[in-house]
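Chemist: Residue numbers (our numbering): 843 to 979. For every residue, glycine included, the Cβ atom is placed at its ideal position computed from N, Cα and C. All of these numbers come straight from a predicted model, not from anything done at the bench.
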């Protein structure tokens with residue numbers, strides 16, 4: 843259930859398009875794994891700002907975070923650290939365990955997966971954060 847301001851322009855359409863407006867109340871039938879609870883409780887070491895397409899893919903499409911959706915990187919962190927995924931309005935939409943160091947993400951941000959090998963070498967992950975290593979807020 844979502845409680846939102848009915849006086850706002852196109853509020854229902856905005857909610858249906860995945861925009862995070864109002865207050866979401868999640869029912870008891872939603873199960874969160876202990877791993878994702880652990881991710882949610884850990885301190886973030888940085889932020890990844892993502893574009894609107896990535897927000898929609900993560901929030902409504904339940905997809906992993908790919909380099910192409912990343913706009914900017916804030917903070918210094920290593921592979922395996924937890925970071926916040928934020929939208930263009932600095933709202934945290936998810937937290938997750940990164941597959942790359944911050945410097946590497948800065949190199950591959952905005953790039954297609956097929957271009958990563960050329961930038962980083964032969965061993966690489968397709969996802970910056972895999973869906974299984976992500977907690978959507």
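Given 8 Å as the limit, is there contact between the segment 845 to 858 and the segment 948 to 961, that is, 3 or more CB pairs closer than that?
Modeler: Contact fails: fewer than three Cβ-Cβ distances are below 8 Å.
Chemist: Based on the DSSP output, what are the partners of residue 954 in its beta bridges?
Modeler: Paired residues: none, contrary to the question.
Chemist: Identify the continuous alpha helix (DSSP H) that holds residue 896 and give its terminal residues.
Modeler: Here the alpha helix (DSSP H) through residue 896 covers 894 to 901.
Chemist: Using three-state DSSP, classify residue 914 as helix, strand or coil.
Modeler: Three-state DSSP puts residue 914 in a strand.
Chemist: Would you identify the three-state DSSP class for residue 885, choosing helix, strand or coil?
Modeler: Reduced to three states, the DSSP call for residue 885 is coil.
Chemist: Quick check: residue 938 and residue 977, are their CB atoms within less than 8 Å of each other?
Modeler: Contact flag set, yes.
Chemist: Report the three-state DSSP secondary structure of residue 943 (helix, strand or coil).
Modeler: It is coil, neither helix nor strand.
Chemist: Hey, how far is the Cα of residue 963 from the Cα of residue 843?
Modeler: About 46 Å.
Chemist: Where does residue 974 sit, in a helix, a strand or coil, going by DSSP?
Modeler: Residue 974 falls in the helix class under three-state DSSP.
Chemist: Report the option in 925, 860 and 888 whose CA atom is closest to the CA atom of residue 903.
Modeler: The candidate whose alpha carbon is nearest that of residue 903 is 860.
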